[in-house]
Amino acid sequence: MIKCIAIDMDGTLLTKEHVITEENINAIKKAQEQGVEVVIATGRSYPEAIYILKEAGITCPMICVNGAEVRTPNGEITDFSPLDKAVAKQIVQKLEDNDVYVEFFTSKGIFTMDMEKGISILKNFVETTHSDADAEKVEAILQERVEFITEIESSDFIFADKDHHIYKLLTFSFDSDVLGKVRQELNEVDGIAISSSGKENLEINGIHAQKGLALEAFTAERGISLMETMAIGDNYNDISMFQRVGRAVAMGNADDAVKSQCHFVTATNEESGVGKAILEAIK
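Residue numbers 68 to 350, in the numbering used here, belong to the letters of the sequence shown in order.
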């Protein structure tokens with residue numbers, strides 16, 4: 068019997084236009100009515116995620132920034148696992164040496180030192196992955212993302228403030244060779260977890276900030292076995308959950324390598340695959 072369901076957001080719960088379908092909403096609420104603990108497990112920061120859930124009328128705990136932060140349904144932080152700042156400096160230097168775009172996901176917001184480059188990369192990404200979307204929809208997705216990012220001249224203040232925690236470093240590149248080189252260099256750094264939410268990016272967290280580890284602690288606190296837990300996702304930052312739970316479900320739009328880590332494959336995010344997977348699990 069499934070007692071906990073962990074759900075990724077982008078490419079999973081959300082459509083390509085960042086909407087939660089009625090089928091998904093109704094299935095989540097039905098599971099909750101039956102006493103199932105539903106938790107969102109996302110690479111997004113809390114502000115980036117919560118407004119979408121509120122619009123859909125979904126209230127539940129959240130594992131944010133790939134497990135770097137855990138929040139109650141009311142938004143209270145119950146646990147956090149930041150990057151060591153000395154390690155983060157080392158990573159940032161490697162990223163800058165390779166001339167790749169980087170964003171700082173922190174306890175006080177998301178920051179970049181090159182907003183223009185970030186917008187250009189994001190626009191390229193949106194136009195590539197949403198090739199059938201019109202210009203207005205592309206612009207809406209861009210604005211949604213950009214409003215959460217603050218441009219800065221230097222990251223020194225982030226490192227200087229002991230109360231300013233770095234949760235994740237996100238880097239983008241459409242050059243697979245460059246991204247491969249960066250990943251190879253980062254593999255030599257101790258104390259970090261490297262994942263991705265798409266082939267164009269790398270997400271660097273502290274070693275303890277992984278969705279799977281956060282979910283393991285989350286269920287243990289509630290007396291729920293991981294064998295009684297289902298995880299639904301579409302990308303590589305979801306694999307740490309898939310490897311731990313009793314019911315791992317990949318989205319139909321996931322890469323084959325991700326699907327191979329799962330027990331089941333559901334429909335795509337455009338076809339309310341989350342809702343279908345939930346109803347199948349709780350029936």
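We put the CB at the ideal spot given by N, CA and C, even for glycine.
Since the model is a prediction, treat every value here as computed from it, not as a measurement.
Burial state of Thr-88, where buried means 16 or more other Cβ atoms lie within 10 Å: Buried is the call here.
Run of the beta strand (DSSP E) containing Ala-315, from where it starts to where it stops: Counted as a single uninterrupted DSSP element, the beta strand (DSSP E) harbouring Ala-315 occupies residues 314–317.
Got a sec? Which residues, its chain only, sit under 8 angstroms from Arg-314 by beta carbon, not counting five neighbours each side? Correct list, in chain order: Ile-69, Thr-296, Met-297, Ala-298, His-330, Phe-331 and Ala-348.
Assign Gly-279 to one of two classes, buried (16 or more other C-beta atoms within 10 Å of its C-beta) or exposed (fewer than that). Classification for Gly-279: buried.
Report yes or no: is there a C-beta of chain C within less than 8 angstroms of the C-beta of Val-341? Looking at the structure shown, chain C is missing, and only one protein chain is on hand.
Pick out whichever of Ser-292, Lys-156 and Thr-179 has its Cα sitting closest to the Cα of Gly-273. Each of Ser-292, Lys-156 and Thr-179 was checked against the Cα of Gly-273, and the nearest Cα belongs to Lys-156.
Gly-319 versus Asp-228: straight-line alpha-carbon distance, rounded: Linking Gly-319 to Asp-228 through their CA atoms gives a straight-line distance of about 43 angstroms.
Under the DSSP definition of a beta bridge, which residues are partnered with Asn-268? Asn-268 pairs with Phe-239.
For the beta strand (DSSP E) holding Thr-333, just list the boundary residues, first then last. DSSP places Thr-333 in no beta strand (DSSP E); its state is neither H nor E.
Can you have a look at Lys-235 and say buried or exposed, based on whether 16 or more other CB atoms are within 10 angstroms of its CB? Its Cβ being crowded by 16 or more others within 10 Å, Lys-235 is buried.
Is it right to say Tyr-118 is buried, meaning 16 or more other beta carbons lie within 10 angstroms of its own, or is it exposed? Exposed: under 16 other Cβ atoms inside 10 Å.
Below 8 angstroms between beta carbons: does that hold for Val-28 and Gln-99? The question about residue 28 has no answer here: the residues shown for the chain are numbered 68 through 350.
For Leu-237, the nearest candidate out of Gly-185, Asp-323 and Asn-302 (CA to CA): It is Gly-185 whose Cα lies nearest to the Cα of Leu-237.
For a test of the three-state rule: what should DSSP assign to Arg-289, helix, strand or coil? Coil.
How many angstroms separate the CA atom of Ala-123 from the CA atom of Ile-72? Each residue's alpha carbon lies about 18 angstroms from the other.
Give me the Cα-Cα distance between Ile-188 and Gly-342, rounded to the nearest whole angstrom. Taking the Cα positions, Ile-188 is about 32 angstroms away from Gly-342.
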